[in-house]
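Working notes, beginning with the structure itself.
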Amino acid sequence: MSHKVSLTVNGTAHTREVEARLLLSDFLRHDLGLTGTHVGCEHGVCGACTILLDGVPVRSCLMFAAQINGKSITTVEGLSADGKLSPLQEAFRDAHGLQCGYCTPGILTTMTAFLAETPKPSEGDIREALSGNLCRCTGYQNIVDAVKLAAERMSAKP
Amino acid sequence: MSTRSFGQPIKRNEDARLLQGKALFVDDVELPRLLHAAFVRSPHAHARIRGIDTSAAKKRAGVVAVYTAADLGDYWKPGPLLLPPPPIEGVVFNERTQVPLVKDKVRHAGEPVVLVIAEDRYIAEDAAGDVVVDYEALPAVVDLEKARDAKTGFVHDDLKTNVAAHVRQTKGDYAKAVAGAACVIKRRFLYDRGTSLPIETRGVVAQWDGKADRLTVWDTTQAPVFIRNGLAAMLNLSERQVRVIAPFIGGGFGPKIMMFYPEEVLLPWAAMKLDRPIKWIEDRFEHFFATTHERGQLHDAEIALSKDGRIIGVKDVFLHDTGAYDPYGLTVPINSQCTLLGPYIVPNYDSTFTALFTNKPIVTPYRGAGRQHGVFVMERLLDIAARELKMDRAEIRRINFIPPDAFPYDNQIIYQDFAPLVYDSGNYQPILDKALKAIGYKQFLEEQPALRAAGKHQGIGLVCYVEGTGIGPYEGAKVQVQGSGKVSLATGIGTQGQGHYTSFAQIVADQVGVAVTDVDVVTGDTDQFYWGAGTFASRGAVVAGNAVNDAAKVVRQKILRTAAEHFECAEEDLALSNGAVSVVGVPGKTVKLGVLADEANPMRGAVKPGTEPGLEATSYFGPEMGATAAGIHAMIVEVDPETCTLEIKKYVVVHDCGTVINPLILAGQIHGGVAQGVGNAFYEQLVFDDRGQLLNASLADYLIPTALDVPRMTLDHTVTPSPLNPLGIKGAGEAGAIPVGPLFAQAIEDALGLPGQGVELNEIPLSPSRLWELAGALAKIDTSATRVR
Ligand code: FES
Ligand code: FES
Chain E
1 MSHKVSLTVN GTAHTREVEA RLLLSDFLRH DLGLTGTHVG CEHGVCGACT ILLDGVPVRS
61 CLMFAAQING KSITTVEGLS ADGKLSPLQE AFRDAHGLQC GYCTPGILTT MTAFLAETPK
121 PSEGDIREAL SGNLCRCTGY QNIVDAVKLA AERMSAKP
Chain P
1001 MSTRSFGQPI KRNEDARLLQ GKALFVDDVE LPRLLHAAFV RSPHAHARIR GIDTSAAKKR
1061 AGVVAVYTAA DLGDYWKPGP LLLPPPPIEG VVFNERTQVP LVKDKVRHAG EPVVLVIAED
1121 RYIAEDAAGD VVVDYEALPA VVDLEKARDA KTGFVHDDLK TNVAAHVRQT KGDYAKAVAG
1181 AACVIKRRFL YDRGTSLPIE TRGVVAQWDG KADRLTVWDT TQAPVFIRNG LAAMLNLSER
1241 QVRVIAPFIG GGFGPKIMMF YPEEVLLPWA AMKLDRPIKW IEDRFEHFFA TTHERGQLHD
1301 AEIALSKDGR IIGVKDVFLH DTGAYDPYGL TVPINSQCTL LGPYIVPNYD STFTALFTNK
1361 PIVTPYRGAG RQHGVFVMER LLDIAARELK MDRAEIRRIN FIPPDAFPYD NQIIYQDFAP
1421 LVYDSGNYQP ILDKALKAIG YKQFLEEQPA LRAAGKHQGI GLVCYVEGTG IGPYEGAKVQ
1481 VQGSGKVSLA TGIGTQGQGH YTSFAQIVAD QVGVAVTDVD VVTGDTDQFY WGAGTFASRG
1541 AVVAGNAVND AAKVVRQKIL RTAAEHFECA EEDLALSNGA VSVVGVPGKT VKLGVLADEA
1601 NPMRGAVKPG TEPGLEATSY FGPEMGATAA GIHAMIVEVD PETCTLEIKK YVVVHDCGTV
1661 INPLILAGQI HGGVAQGVGN AFYEQLVFDD RGQLLNASLA DYLIPTALDV PRMTLDHTVT
1721 PSPLNPLGIK GAGEAGAIPV GPLFAQAIED ALGLPGQGVE LNEIPLSPSR LWELAGALAK
1781 IDTSATRVR
């Protein structure tokens, strides 16, 4: 049985018929072609699939597309505008906060929301906030440094 | 050579794409009429198949095909042996490689039995659930010693043994030498490793284009060229008809180089048969069974020393778990056997291993590839020896180092690359000095009694290792100046996050005088570069890097020659920079590289005999043997004796990987390696029951370190360039992961004062609960100080 959903993704409105069991992660990736959102476990642990649902980070592998009628989503593709990196993305590049880049979209969305709430985080705050996202490449140190750098730069700007 | 970007912490070219979600990973490939595959996998570790009923699955709407082993006909063949055993006298090797679909007997849980192809993945999985397989469960071979003694039957019945391999390598005469020893220490060590667990699982997309007569395969492989060649042979195509693309890969760490996984063999075949493209993406549960592991070894080892702590010899007899099949030959146990020797002079060595088949997933190299096991044994033996001889742990290591004037140093045994185990270069004392200083070794030992008295259980650890890196056979690279003035570089290796798009670009940029961002690197596309071996054994930067350098040098010469003709001047008067060639000292006399590229490819006239069109060159590099990197890790840890949890106070890595191309990327490699080492030492274990069932096949149960578990690391380097390649590079991909197990054991022992109470930590992985079990009886004594606090 299918359901009609209308939603906004990265500012663009979509209306689709979806099967009740279609995961939100699959809907974003395969129905909308927004493959920046990655899937690493489909059981809610790795955090690679994290998106912002009305500004709040959620794991898209733990939701059905049918649940998001009327909501607004931001994926990694929506974090930068016209190819210009966001301050957080820029800091990830400067601090070498990514290697294979597979975990990165979920970390960027999670940290975008975190920095909005915690503009001046300590290293402990950052590690705590990051601890729900698994990265197998970086050992986290440069990710922590990237988030710190972004926070500094963002709070230095008026 | 200008050193503009080589050696500099250049930001990565690939990041902008990755950060915006624009990079192509295998699961991002979408094609018209794409079908999706799912597999029926055995729930049993060891079972005979009595029958398979696929009728219900075939009837389900949306199902396109259902295949069993019987449907494969002649295409059903065990996979190739990737590496034959090295030429060691008396080696026993029983080759048994994985099969595409199980025909008669299942040999590990998760082995694929039926392939289902449907219009979408959801339907394919529904249909996989419709298949009924009649299994006759058999007792599983799980325990290594039981496997050796064949108490629980055979994994491969026709062999009448579970022995996959038996190898003895010796140097000197241990039996004789031990008679003169002042101190002999014998211990049993258990070293287990887990799964590499890249955050991206494996995946394959195969597309047959009947009009072009060509097959294209997107594959999460570390070795696209080998996959291309193998698929061509299996499918009766010529290599030119097959294109394998390893696009962005979400981490590899070894298992993604295991070649001819069943899914890699089956999808292209089915895509040709059905004349429709097919995608299979491994789910995380499948990954725990379907992707190879690295697992346990059981060592009975002894070390003989003089009374002043010099090593007289080491004897080691060990069992190695190779899993249900052994397609990767002896690489892992040979690495254990060879790497055990470390940076030390070991005049007599007697090492024997037996690799055993078990009813568990296949074992192939995972970052470190068996080196961990050997380093653990040697470093633990030295720790115990230091205690027995009342020596300092750092001192016993220092006095046994191979001195800097002894290189090249021949260990007189054979390494995994079939070459003699010769260390090309090294200088270990400066590494130790830096590590002791960085960790504050002396100061900590002075403070330790006061910390103890204050109820703080802090300990220090320090371990050494060497790593054979950058082995042959060869890699190649093609450098080409484009009409746009940008430079393209193609190489055959795949990349899984190591920053090749940047480090290789740096090498080219310096040679031809362009910005690093103007070098467009292509890796892992067999249509872009035909030859190569793959990304493994910390060899990308060493082997491909040197090929890139050579090709770029040739292109530089061609640029200068073309520019000299352009300006009618001597090549010596020209300088390359900013993507252009200028005549030195004559302002305005400048020509852009793109213009020269066009001039080198004229539309009229003739290219002169003996010259070639374009500004292009292809070069290959093959080192005669591997370059040996070395390093030391040290840490200070605090253990809570009541919960057995750890707080790592300080973690230091001092490493010598020869010349460094990009320190930013190198640091990243070390950080990531240490994180995986930490996981191996204290968090990760594949837990099998006695029926061969993996009990923790999910990320909720198999714990990899999070940002709260990996310490901040302090890195330092020494540089002993390798004489084996013009750039002087040694590999660095695995170094971070190798010595963490013995470091944890040593530092935790020290923190809890365990040896004084008759407890040694001679196994890895540890965990809070395992540590409690091992040291628990002592916790009563040990926590008294905590309670006072
Ligand atoms: S894919 Fe959603 S948390 Fe891992
Ligand atoms: S960068 Fe590879 S998983 Fe995080």
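Top to bottom, those sequences are chains E and P. The numbers in the numbering used here rise by one with no breaks, and the one at position 102 of the first sequence is 102. Remember, the numbering used here sits 1000 above the position in the second sequence when you count from 1. Heads up, the beta-carbon is just placed ideally off N, CA and C, and yes, glycines get one too.
Residue i (DSSP reduced to helix, strand or coil)
i, result
"Val1092 of chain P", "strand"
"Met1713 of chain P", "coil"
"Asn10 of chain E", "coil"
"Cys1338 of chain P", "helix"
"Asp31 of chain E", "helix"
"Ala2 of chain E", "Going by the sequence as given, residue 2 of chain E is Ser instead of Ala. Residue state, collapsed to three classes: strand."
"Ile1123 of chain P", "helix"
"Asn1348 of chain P", "strand"
"Met1633 of chain P", "Checking the sequence shown, residue 1633 of chain P turns out to be His, not Met. Strand at His1633 of chain P."
"Cys1464 of chain P", "strand"
"Ala1137 of chain P", "strand"
"Gln1649 of chain P", "In the sequence on display, residue 1649 of chain P carries Lys and not Gln. It is a strand residue."
"Asp1782 of chain P", "Residue confidence is low: Asp1782 of chain P scores 42 on pLDDT, short of 50, so the model does not pin down where it sits. Its coordinate-derived value is still stated next. Residue state, collapsed to three classes: helix."
"Thr138 of chain E", "coil"
"Ser1841 of chain P", "The requested residue 1841 of chain P does not occur in the structure, where chain P is confined to residues 1001 to 1789."
"Trp1076 of chain P", "coil"
"Lys1105 of chain P", "strand"
"Lys1059 of chain P", "helix"
"Asn1411 of chain P", "strand"
"Trp1531 of chain P", "coil"
"Lys1151 of chain P", "coil"
"His38 of chain E", "coil"
Cβ-Cβ distance between residue i and residue j below 8 angstroms
i, j, result
"Gly1172 of chain P", "Gly1374 of chain P", "no"
"Ser25 of chain E", "Val9 of chain E", "no"
"Ala146 of chain E", "Ala95 of chain E", "yes"
"His1299 of chain P", "Phe1189 of chain P", "yes"
"Leu88 of chain E", "Leu108 of chain E", "yes"
"Val1554 of chain P", "Ser1619 of chain P", "yes"
"Val1542 of chain P", "Gly1731 of chain P", "yes"
"Ala1304 of chain P", "Leu1115 of chain P", "no"
"Leu1421 of chain P", "Ala1301 of chain P", "no"
"Ala1533 of chain P", "Glu1475 of chain P", "yes"
"Glu1616 of chain P", "Lys1478 of chain P", "yes"
"Gln1685 of chain P", "Asp1192 of chain P", "yes"
"Ala1324 of chain P", "His1166 of chain P", "no"
"Arg1214 of chain P", "Gln1241 of chain P", "yes"
"Leu1715 of chain P", "Ile1670 of chain P", "yes"
"Ala1037 of chain P", "Trp1218 of chain P", "no"
"Glu1263 of chain P", "Val1204 of chain P", "yes"
Close Cβ partners of residue i (< 6 angstroms) along its chain, the five nearest in sequence each way excluded
i, result
"Gly1513 of chain P", "Leu1576, Ser1577"
"Thr1216 of chain P", "Gln1207, Arg1243"
"Asn1696 of chain P", "Val1687, Tyr1702"
"Thr35 of chain E", "Arg29"
"Gly1622 of chain P", "Gly1472, Pro1473, Tyr1474"
"Ala1675 of chain P", "Pro1705, Val1710"
Cβ shell of residue i (< 7 angstroms), same chain only, five flanking positions each side left out
i, result
"Ile1431 of chain P", "Ala1630, Gly1631, Ile1632, Val1654, Asp1656, Thr1718"
"Val1583 of chain P", "Phe1567, Cys1569, Asp1573, Leu1574, Lys1589"
"Ala1564 of chain P", "Ala1570, Glu1571, Leu1574"
Nearest-angstrom beta carbon gap, residue j and residue i [assumed within contact, 8 angstroms]
i, j, result
"Leu1593 of chain P", "Ala1580 of chain P", "6 angstroms"
"Met1635 of chain P", "Gly1368 of chain P", "About 18 angstroms separates the two Cβ atoms, so there is no contact after all."
"Val1466 of chain P", "Gln1746 of chain P", "About 18 angstroms separates the two Cβ atoms, so there is no contact after all."
"Phe1039 of chain P", "Ala1128 of chain P", "7 angstroms"
"Thr1643 of chain P", "Pro1765 of chain P", "The pair is not a contact, with the Cβ atoms about 17 angstroms apart (cut-off 8 angstroms)."
Amino acids of chain B, ordered along the chain, whose beta-carbon sits closer than 7 angstroms to that of residue i
i, result
"Pro121 of chain E", "Included in the structure are the protein chains E and P, with no chain B among them."
Neighbourhood of residue i by C-beta distance below 8 angstroms, restricted to the same chain and skipping five residues each side
i, result
"Ala1047 of chain P", "Lys1105, Val1106, Tyr1135, Glu1136, Ala1137, Leu1138"
Exercise. For ligand 1, which residues have a Cβ under 6 angstroms from at least one heavy atom, in chain order?
Worked result: Around ligand 1, the residues selected by a Cβ distance under 6 angstroms to any of its heavy atoms are E:Val39, E:Gly40, E:Cys41, E:Glu42, E:Gly44, E:Val45, E:Cys46, E:Gly47, E:Ala48, E:Cys49, E:Arg59, E:Cys61, following chain order.
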